[in-house]
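The block underneath contains the structure these notes are about, expressed in structure tokens.
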Amino acid sequence: MASSNIPTSLLLNGREFPYAALQQYPAPTGGPLNGYEARVLERVREWLTGAQEFTLTTSGSTGPPAPIALRRRQLEASARRTGDFFDLGPGDRALVCLNCEYIGGLMMLVRGLERHLHLTVVEPRADPFELVAADAEFDFAAFVPLQLQAVLAAGRAGRLNQMKTVLVGGAPVDAALLAAVQAQLTVPVLLTYGMTETCSHVALRPLNGPRAAPGFRVLPGIAAGQDERGCITLRGDVTDDQLVTTNDRVTLDAAAHTFEWLGRADFIINSGGVKVQAEKVELVLDVALAEIGPPRRCFVAGRPDARLGEAVTAFVEGPALDPAAEAQLRGLLQARLGPYEQPRQLVFVPEFATTATGKLDRPATLRHLGGAGAAAQ
Numbered sequence: 001m002a003s004s005n006i007p008t009s010l011l012l013n014g015r016e017f018p019y020a021a022l023q024q025y026p027a028p029t030g031g032p033l034n035g036y037e038a039r040v041l042e043r044v045r046e047w048l049t050g051a052q053e054f055t056l057t058t059s060g061s062t063g064p065p066a067p068i069a070l071r072r073r074q075l076e077a078s079a080r081r082t083g084d085f086f087d088l089g090p091g092d093r094a095l096v097c098l099n100c101e102y103i104g105g106l107m108m109l110v111r112g113l114e115r116h117l118h119l120t121v122v123e124p125r126a127d128p129f130e131l132v133a134a135d136a137e138f139d140f141a142a143f144v145p146l147q148l149q150a151v152l153a154a155g156r157a158g159r160l161n162q163m164k165t166v167l168v169g170g171a172p173v174d175a176a177l178l179a180a181v182q183a184q185l186t187v188p189v190l191l192t193y194g195m196t197e198t199c200s201h202v203a204l205r206p207l208n209g210p211r212a213a214p215g216f217r218v219l220p221g222i223a224a225g226q227d228e229r230g231c232i233t234l235r236g237d238v239t240d241d242q243l244v245t246t247n248d249r250v251t252l253d254a255a256a257h258t259f260e261w262l263g264r265a266d267f268i269i270n271s272g273g274v275k276v277q278a279e280k281v282e283l284v285l286d287v288a289l290a291e292i293g294p295p296r297r298c299f300v301a302g303r304p305d306a307r308l309g310e311a312v313t314a315f316v317e318g319p320a321l322d323p324a325a326e327a328q329l330r331g332l333l334q335a336r337l338g339p340y341e342q343p344r345q346l347v348f349v350p351e352f353a354t355t356a357t358g359k360l361d362r363p364a365t366l367r368h369l370g371g372a373g374a375a376a377q
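1 is the number of the first residue of the sequence shown in UniProt numbering; add one for each residue after it.
Written out as structure tokens, the structure is:
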């Protein structure tokens, strides 16, 4: 493409920052910066000046956050694969609204810098469009489910439908959001699968349109396998050719390069000697909650039980249901789940804890449940 399409600056919270200036240290910023802006510009400066290693922290949604060092060549490989897959190049406009201190947001920056995209960066919030001009148009964006839900609730489906591609990741998409995506969006929306160790996504699942599918397709050049637990393993240039073993249980079709995600091995509940996959129960619970009233966030975990070892327990965000609604919910669960999968308790929590990347923080939510405000039924 013509070199005139290659941007020479980015927009951050509505302010323009030339790349040439950002390569200086300290960079002239033309005014004060808040903490997030300073950290974003430092990441950009590191990339522009050729840094070869980047240390990030895992999101902490399933365990304590941990630092991970990634090499530049891994990030370059990830940006190249995504750019080629979606045909992103000079002149395309990207909205960066994920937290750039974590892999999802950092990779949006790297894709923009490597593929010469016009970058508009805003601080993470539920509805990122609140921070951009009303007439701003974009070709490519990535959201966490909470953001996509807020954007659609604000009536901004039209802005998304102007794009080439929308990615959503970092957490499962619940039944209500999936229905909204399929009803309101014509732009291809793809659920991503990946992690810090794989430099963001290595597999994609189309959520809407004629290509919608229940499983993920592994991107070209990524080798996927399984360990003895049935958990997916990954190797490729994005892992620096090191084998990454996950805790994600899948059904893998190696020949077709596809898999369906079953849940995390560390979210298995051993109830009376029967292994219950928490995410399976969550899916049924999520759909049932949406059928009896406004959608709510929920999750399922095991609680110590003298007879069963662990009791399947459902945690639902918001106030307790009235008796009739609770009876209806339990009836739906009994009809759709096996006897050992039935939640023994419904625990209502005013508000779930979330991580810095907007994911549900199960461990923190469970730790906080000892205090006031949680009603067990």
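Note that the Cβ used here is the ideal one computed from N, Cα and C, for glycine as well.
- Residue environment analysis places lysine 275 among the exposed positions, since fewer than 16 neighbouring C-beta atoms fall within 10 angstroms of its C-beta.
- DSSP places arginine 229 in no beta strand (DSSP E); its state is neither H nor E.
- With respect to the C-alpha of alanine 157, the residue from Leu167, Asp135, Tyr19 and Val181 having the closest C-alpha is Val181.
- Annotation for leucine 70: the continuous beta strand (DSSP E) segment containing it runs 67–71.
- Restricted to the stretch 239–263, the beta strand (DSSP E) segments that are unbroken, complete and at least 3 residues in length are 244–253, listed in chain order.
- The bridge partners DSSP lists for arginine 235 are Ala223.
- DSSP places glycine 309 within a strand segment (E or B) once states are collapsed to three.
- The stretch 128–197 contains, as complete beta strand (DSSP E) runs of 3+ residues, the segments 140–143, 165–168 and 189–195 (chain order).
- The bridge partners DSSP lists for glutamine 277 are Ile268.
- Taking all protein chains in view, the Cβ of alanine 306 is surrounded by fewer than 16 other Cβ atoms within 10 Å, so the residue is classified as exposed.
- Between arginine 93 and threonine 120, the C-beta spacing is below 8 Å.
- Counting only residues of its own chain and dropping the five nearest sequence neighbours on each side, glutamate 260 has a CB closer than 7 Å to the CB of Pro214, Gly215, Val250 and Thr251.
- The Cβ atoms of proline 220 and alanine 212 do not sit closer than 8 Å to each other.
- Just so you know, the alpha carbons of threonine 246 and glycine 30 end up roughly 44 Å apart.
- In the three-state DSSP reduction, arginine 15 falls in the strand class (E or B).
- With three or more CB-CB distances shorter than 8 Å, the stretch 119–136 counts as touching the stretch 148–157.
- Threonine 354 is positioned such that its CB atom lies no closer than 8 Å to that of threonine 196.
- The stretch 39–57 makes contact with the stretch 20–29: 3 or more CB pairs, one atom from each, lie closer than 8 Å.
- A direct Cα-to-Cα measurement between alanine 320 and leucine 346 gives close to 9 Å.
- Where arginine 93 is concerned, the enclosing beta strand (DSSP E) starts and stops at 93–96.
- For the pair proline 7 and valine 187, the Cα-to-Cα distance works out to about 25 Å.
- With fewer than 16 other beta carbons inside 10 angstroms of its own, leucine 243 counts as exposed.
- Runs of the alpha helix (DSSP H) lying entirely within the UniProt domain "AMP-binding enzyme C-terminal" (296–359) and spanning at least 4 residues, in chain order: 323–336.
- The straight-line gap separating the alpha-carbon atoms of arginine 367 and glycine 170 is approximately 22 Å.
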